[in-house]
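A.B. asks: This is the structure I have questions about; it appears just below.
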Ligand SMILES: [Zn+2]
Ligand SMILES: [Zn+2]
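Numbering (the working numbering), first residue to last: 1258 to 1588.
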């Protein structure tokens, strides 16, 4: 019987274990995918470092590209939704009452090939699977399933940004993706980040203005928060013009609360909108955006070194020095 291999994460401070398993025969509604390339998301780094809880043992990794047994090049959603519950029915499948998340499930749940750091993945029914054009390189397409689709969900929540003044706080992979997506849509984009190297990167992704935390702009129409820093969340609320919308997505681990002045929310007609996970159409939009714009903005350069699956511990040590590092399970 053909085999598959996955990297088992046993908890904080433990090295990855590499496990051979039988390659499953997909049953009705399931899709078996051979993974070509995975990237290490910031949330995987936080899980492995113990900054956020993650089930162990588990198979981590949720940004990847692969090929189905039929040969189609695809990316797929982090969330697996039932599309039958009340949450799904009200248009929130990303918060399905029966939600499962690729790369986030305990191995004890019986779904073995459930993460990106593996040779194969078994995608249950309810996974959104999106074809990837041949012109899109693996390193550009792999982050679509987390980073790019999340940014697409933020822009959806922001309403059209065409002609608007947009502030993006945090110039990691999501921040520069947000800058590029807003610039491509015709917005005037300011990116705020304390790090000069990340400021320079933001400029290459369409930011018209780059600033440090001390001179953020006033009176923007839309603020996209991706740093997770409480001071940046507060600054996003402060920066909004009348009718402005703050879209928060960076705050995904515990942090001190942020003071909110309700009079300002009322008088300035502000909207604060949280984005976590995304709907199927956002992954479709993410792939379409990357396909159309990956040559205008240097997305391929966001991914540093590529490691073999067996070098996953080293890949995690190197991650963070570049916006992403990659793992090639075929090596
Ligand atoms: Zn992620
Ligand atoms: Zn549901």
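Yeah, the Cβ is synthetic: ideal placement off N, Cα and C, and Gly gets one too.
These figures come from a predicted structure and were not determined experimentally.
Could you tell me if residue 1383 is buried or exposed, where buried requires 16 or more neighbouring beta carbons within 10 angstroms of its beta carbon?
C.D. replies: buried
A.B. asks: When you compare each of 1426, 1411, 1284, 1441 to residue 1420 by their alpha carbons, which one comes out closest?
C.D. replies: When only C-alpha atoms are compared, the closest one is 1441.
A.B. asks: Consult DSSP for residue 1414 and reduce its assignment to one of helix, strand or coil.
C.D. replies: helix
A.B. asks: Between the alpha carbons of residue 1258 and residue 1282, how many angstroms are there, rounded?
C.D. replies: 10 Å
A.B. asks: If I follow the unbroken alpha helix (DSSP H) through residue 1498, where does it start and stop?
C.D. replies: It is not in any alpha helix (DSSP H) - residue 1498 instead sits in the beta strand (DSSP E) that spans 1497-1505.
A.B. asks: If you draw a straight line from the alpha carbon of residue 1391 to that of residue 1330, how long is it in whole angstroms?
C.D. replies: Their Cα atoms are separated by approximately 8 Å.
A.B. asks: Ligand 2 and residue 1344: does any heavy atom of the ligand fall closer than 7 Å to the residue's C-beta?
C.D. replies: yes
A.B. asks: Using three-state DSSP, classify residue 1523 as helix, strand or coil.
C.D. replies: The three-state reading of DSSP puts residue 1523 in helix, counting H, G and I together.
A.B. asks: So, with DSSP's three-state summary, where would you put residue 1484?
C.D. replies: coil
A.B. asks: Nearer than 7 Å: is that true of the beta carbon of residue 1458 relative to any heavy atom of ligand 2?
C.D. replies: no
A.B. asks: So what does DSSP say about residue 1432, is it helix, strand or coil?
C.D. replies: helix
A.B. asks: Assign residue 1294 to one of three DSSP states: helix, strand, or coil.
C.D. replies: strand
A.B. asks: Quick check on the DSSP output: what are the complete beta strand (DSSP E) runs of length 3 or more inside the region 1305-1384, in order along the chain?
C.D. replies: Runs of beta strand (DSSP E) with 3 or more residues, each lying fully within the region 1305-1384, are found at 1320-1325, 1330-1337, 1377-1380, listed in chain order.
A.B. asks: Measure from the alpha carbon of residue 1539 to the alpha carbon of each residue in 1290, 1260, 1438, then state which is nearest.
C.D. replies: 1438
A.B. asks: Let me know if residue 1570 comes out buried or exposed under the rule of 16 or more other beta-carbons within 10 Å of its beta-carbon.
C.D. replies: exposed
A.B. asks: Cβ of residue 1298 within 7 Å of any heavy atom in ligand 1?
C.D. replies: yes
A.B. asks: Buried or exposed: which applies to residue 1311, given that a residue is buried once 16 or more other Cβ atoms fall within 10 Å of its Cβ?
C.D. replies: buried
A.B. asks: My output table needs one value for residue 1396: the three-state DSSP class, helix, strand or coil.
C.D. replies: Reduced to three states, the DSSP call for residue 1396 is helix.
A.B. asks: Just to confirm, is the Cβ distance from residue 1297 to residue 1414 under 8 Å?
C.D. replies: It is not a contact, given that the beta carbons lie outside the stated cut-off.
A.B. asks: Can you confirm whether residue 1360, when its beta carbon is compared against all beta carbons of chain D, has any partner nearer than 8 Å?
C.D. replies: The structure shown contains no chain D; it holds only a single protein chain.
A.B. asks: Between which two residues does the alpha helix (DSSP H) holding residue 1529 run?
C.D. replies: Premise fails: residue 1529 lies in the beta strand (DSSP E), 1528-1531, not in any alpha helix (DSSP H).
A.B. asks: Between residue 1354 and the rest of its own chain, which residues show a CB-CB distance below 6 Å, the 5 nearest in sequence each way excluded?
C.D. replies: 1342, 1344
A.B. asks: By how many angstroms is the C-alpha of residue 1567 removed from the C-alpha of residue 1350?
C.D. replies: Approximately 35 Å between the Cα atoms of the pair.
A.B. asks: Our contact map puts residue 1389 next to residue 1332 with C-beta atoms below 8 Å; I'd like the distance itself, whole angstroms only.
C.D. replies: 6 Å
A.B. asks: Leaving out five residues before and five after residue 1340 in sequence, what residues of the same chain have Cβ atoms less than 8 Å from its Cβ?
C.D. replies: 1350, 1353, 1383
A.B. asks: Return the CA-CA distance between residue 1572 and residue 1541, expressed in angstroms with no decimal places.
C.D. replies: 29 Å
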